[in-house]
Amino acid sequence: YGYVYTCYDPKIRDQVILYCDERFGKGNYFLDSDPGAAKNFTRPKNPNFTDMVLWKMDLAVKVHPFNVLLVINHSLCGAYADDGITFTSPEAEAAYHKTEMERAVAILQQRYPDVKVEHKFFLKSEQMFKW
């Protein structure tokens, strides 16, 4: 069973669902989405929002224990742009998101030590996962 936490950008949703259906099987994962995904752990605008996201995950792990928690960020994310974060190149953007997601993974791994926590980066304009 998986828990997938992704940005809520509708331009990535279809590909995220296809990936999750293939990886976990239809109906075998929670799909949760909020603006910015990893950003909600690393630089939340409101710490109470982080608590709400963790509450949802805590409830899910009690109801349907998951063994994988997957965090997905994507290129050209408006939640980061809203914070004034811009990039000089696609490579710089990917490197930034990798650091953000590694920080989020560490936070989540501490909270859920028995769960494998992973991250992926989606290229919005290409409609594919970069890694």
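In the working numbering, the protein residues as written are 37 to 167. C-beta: ideal position from N, C-alpha, C; glycine also.
Range of the contiguous alpha helix (DSSP H) that encloses residue i
{"i": "I53", "result": "P46 to F60"}
Straight-line Cα distance separating residue j from residue i
{"i": "M137", "j": "L95", "result": "22 Å"}
{"i": "P149", "j": "N84", "result": "22 Å"}
Where the beta strand (DSSP E) containing residue i begins and where it ends
{"i": "I108", "result": "V104 to H110"}
{"i": "F123", "result": "Note, F123: premise wrong, no beta strand (DSSP E); not H, not E."}
Assigned exposure category for residue i - 16 Cβ within 10 Å defines buried
{"i": "L105", "result": "buried"}
{"i": "M173", "result": "The structure shown does not extend to residue 173, since the chain is modelled only from 37 through 167, so no value can be given for it."}
{"i": "D45", "result": "buried"}
{"i": "A115", "result": "buried"}
Contact set for residue i: own chain, Cβ-Cβ below 8 Å, skip 5 residues either direction
{"i": "F102", "result": "Y37, G38, Y39, Y65, F66, A96 and V151"}
For residue i, the nearest candidate out of the options (CA to CA)
{"i": "A128", "options": "V99, V153, Y41 and L112", "result": "L112"}
{"i": "K156", "options": "R79, F85, F60 and N109", "result": "N109"}
Cutoff 6 Å; reference residue i; Cβ partners in own chain excluding five residues on either side
{"i": "A74", "result": "V107, N109, E136, M137 and A140"}
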